[in-house]
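Residue numbers (our numbering), protein chains in the order written: chain W, 4 to 347; chain E, 4 to 347.
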């Protein structure tokens with residue numbers, strides 16, 4: 004048998020949230036957007052669906068997307084790196100900054116993929132606990148790379164820009180994972196004006212706020228010199244022609260984006276109030292999900308909901324557990340609240 | 004400035020073949036298929052173009068594709084790993100088998116990406132020259148991973164199964180890169196019956212023979228236990244929902260595949276004869292391109308063709324140079340032959 008590296012054999016592998024095929028299920032477990040993508044996305048995909056675009060290689064750097072995103076976000080297109088989902092971007096960053104035996108740091112409880120990225124790279128991984136009110140811990144190692152999701156998952160909380168800047172000074176490179184930033188009050192530190200822009204890499208995804216988890220598109224924003232190095236690490240053609248068309252159309256339709264964002268924020272507010280009424284301790288969230296806990300066993304609640312065809316995420320971080328519930332449509336949340344009422 | 008790993012800084016980065024936007028150009032430089040993908044591919048993409056499929060995460064392991072490909076190729080679906088192009092698969096294999104400072108080996112002249120994969124991984128790279136008649140060299144290092152493209156690029160030549168099997172015994176793991184195998188006479192050693200199946204990993208792409216370079220889809224075939232390890236290395240959702248639909252439809256339409264393959268083989272035969280008449284030494288090819296050389300400076304021929312809007316690939320391996328010309332439509336090849344006739 005060909006010998007696989009020991010770090011790969013030893014790891015258990017990241018397990019993504021359940022993807023069931025049952026169309027009747029109410030899926031509140033992987034923070035997908037409950038609303039369709041912009042109608043312009045469908046038009047753009049149909050327009051790109053030609054023999055020539057399918058049979059030929061796509062744009063290696065996704066220049067059409069980079070120019071569109073640059074305009075919308077007010078950044079230099081040269082400071083944008085395209086990715087096959089932001090997972091691809093996180094992998095590229097890991098490979099660019101972290102040698103085998105190097106160190107990745109991340110707060111905890113947080114996105115559990117970061118540990119898997121360290122394991123695949125053969126790197127060490129160090130967790131720095133959040134404070135009780137979800138502020139950054141004080142003592143950080145001098146990591147080759149730190150991942151800071153902001154807003155964080157599962158909490159939906161945001162650490163202020165000063166803490167981000169301070170952390171960026173204390174590690175070799177800081178990845179500010181803004182997968183959920185479009186649901187937050189503030190967009191975080193602009194990469195162009197942050198105190199240490201060269202240490203700060205911002206990552207974003209179109210999976211959540213642009214309703215495009217199925218097409219896999221994410222991107223990084225960083226210093227153009229750094230982006231040129233990251234291009235060496237990515238696969239030459241890491242984004243396909245239809246995804247590029249979809250992503251470009253989605254980010255250009257800011258009116259539609261604002262409309263669905265607004266609906267999600269309204270529903271999130273209502274969920275918060277109703278879950279609190281049922282006795283849950285709900286962490287104030289700036290993301291499209293809520294982290295809620297209650298003083299009784301929570302795994303059985305998750306299981307009972309699952310039996311009733313409502314999928315939420317039960318998460319357990321070394322004994323600190325809770326339910327992470329995505330913000331669905333109003334009808335989905337009504338169903339959830341009805342069922343949960345009978346369970347607590 | 005955040006410090007990028009030295010191996011990344013030191014590398015120049017893989018440069019893919021030129022992708023010009025000019026629709027008038029005759030593109031014979033990156034081995035794209037000159038014919039459209041199967042009509043079923045368009046139908047499948049249109050059918051998959053729903054709000055739900057775009058907004059939700061896709062199948063992590065691509066089970067629909069795995070079952071279709073398993074049926075068509077006569078292999079266990081569990082022995083198939085899906086990839087975002089076969090580049091993604093080659094990256095996954097590198098990360099799974101090669102530690103930092105480890106060794107990757109490949110024949111030369113061959114696919115130049117393999118060296119870049121070693122550089123990104125911080126691994127050493129050793130080239131083993133082909134013999135003058137494109138057979139495998141005898142002396143191979145005990146590499147962590149060897150890449151053997153079969154048919155090879157730029158030569159289009161095939162080494163026989165016995166040489167493949169012999170090499171698989173001499174390295175930790177052998178990747179048989181069959182990007183062009185669909186244009187060859189033989190499909191190579193079946194993974195299920197090869198002498199050392201656990202040492203042998205087959206990779207394929209739908210970019211060339213299925214005319215789908217734009218949608219990025221490749222796959223690996225290997226021992227199911229090995230595939231389970233590789234799943235830990237890949238990004239969770241590395242293939243998007245539209246690519247999966249396209250790839251599944253394409254591989255299911257074997258009649259269409261045989262039809263375009265047959266046209267390409269016929270044109271290849273004609274190109275071979277005509278280029279030889281013009282004084283070129285043309286290597287007999289089992290791929291969808293020809294490697295041809297002539298006893299005069301070849302870079303100026305490439306440049307003159309480029310000025311006349313015909314793109315071919317000029318390749319130079321430490322002084323051994325030539326032109327790699329993709330098999331186009333008959334009309335494209337007629338244009339090429341007319342222009343080249345005036346240049347040699």
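Note that beta-carbon positions come from the ideal geometry of N, C-alpha and C, so glycine has one too.
No residue range can be given for residue 87 of chain W, since it is assigned to no beta strand (DSSP E) and is classified by DSSP as neither H nor E. Ranking E:116, E:140, E:214, E:95 by CA distance to the CA of residue 264 of chain E puts E:214 first.
Taking residue 140 of chain W as reference, the option from W:148, W:75, W:147, W:131 with the minimal CA-CA separation is W:131. Per DSSP, residue 266 of chain W lies in no beta strand (DSSP E); the unbroken alpha helix (DSSP H) holding it starts and ends at 257-280. If you check the CB distance, residue 242 of chain E and residue 61 of chain E come in under 8 Å. Between residue 74 of chain W and residue 256 of chain W the beta-carbon gap is near 13 Å, outside 8 Å, which marks them as no contact. Under DSSP, residue 26 of chain W forms no beta bridge with any residue. In this structure residue 170 of chain E is not in contact with residue 137 of chain E, their Cβ atoms being roughly 14 Å apart against a cut-off of 8 Å. In the DSSP secondary-structure assignment, residue 319 of chain W is bridged to W:324. Residue 221 of chain E sits away from residue 77 of chain E, with the two beta carbons spaced by 8 Å or more. Between residue 328 of chain W and residue 293 of chain W, the gap from beta carbon to beta carbon is short of 8 Å.
The C-beta of residue 87 of chain E comes closer than 8 Å to at least one C-beta of chain W.
In the DSSP assignment, residue 221 of chain W falls within the beta strand (DSSP E) that extends over 221-224. For the 8 Å CB-CB criterion, residue 304 of chain W and residue 347 of chain W form a contact. Distance between residue 157 of chain W and residue 269 of chain E, taken at the CA atoms: about 59 Å.
Counting only runs that start and end inside the stretch 120-195 of chain W, the beta strand (DSSP E) elements of at least 3 residues fall at 127-132, 148-152, 177-180.
Per the Cβ contact rule, the stretch 48-58 of chain W is not in contact with the stretch 222-231 of chain W (fewer than 3 Cβ pairs under 8 Å). Contact between the stretch 24-31 of chain E and the stretch 314-323 of chain E is present: three or more C-beta pairs spanning the two stretches fall below 8 Å.
Taking C-beta atoms as the reference points, residue 38 of chain W and residue 299 of chain W fail to come closer than 8 Å.
By the Cβ neighbour-count rule, residue 178 of chain E is buried, with 16 or more other Cβ atoms within 10 Å of its own. The beta carbon of residue 125 of chain E falls within 8 Å of a beta carbon belonging to chain W, placing the residue at that interface. Annotation for residue 37 of chain W: no beta strand (DSSP E) segment contains it, and DSSP assigns it neither H nor E. Going by DSSP, residue 300 of chain W is part of no beta strand (DSSP E) at all; its letter is neither H nor E. Put simply, the CB of residue 52 of chain E is near chain W, with a gap under 8 Å to one of its CB atoms.
Proximity of chain E to residue 36 of chain W at the Cβ level (cut-off 8 Å) is accounted for by 58, in chain order. Within the stretch 202-257 of chain E, the complete alpha helix (DSSP H) segments at least 4 residues long are 227-236, 244-255, listed from N- to C-terminus. Cβ-Cβ separation between residue 125 of chain W and residue 102 of chain E: approximately 7 Å, consistent with a contact (criterion under 8 Å).
Note that the C-beta distance between residue 239 of chain W and residue 17 of chain E is below 8 Å. If you draw a straight line from the Cα of residue 127 of chain W to the Cα of residue 121 of chain W, it comes to about 6 Å.
Between residue 99 of chain E and residue 98 of chain W, the alpha-carbon positions lie close to 13 Å from each other. A distance of 8 Å or more separates the beta carbons of residue 254 of chain W and residue 108 of chain W.
Relative to the Cα of residue 11 of chain W, the nearest Cα in the group E:237, E:110, E:224, E:258 belongs to E:237.
C-alpha of residue 185 of chain E to C-alpha of residue 285 of chain E: approximately 20 Å in a straight line. The three-state reading of DSSP puts residue 111 of chain W in strand, counting E and B together. For residue 271 of chain E, the CB contacts under 6 Å within the same chain, skipping 5 residues up- and downstream, are 330 in chain order.
Here residue 152 of chain W is buried: its Cβ has 16 or more other Cβ atoms, across all protein chains shown, within 10 Å.
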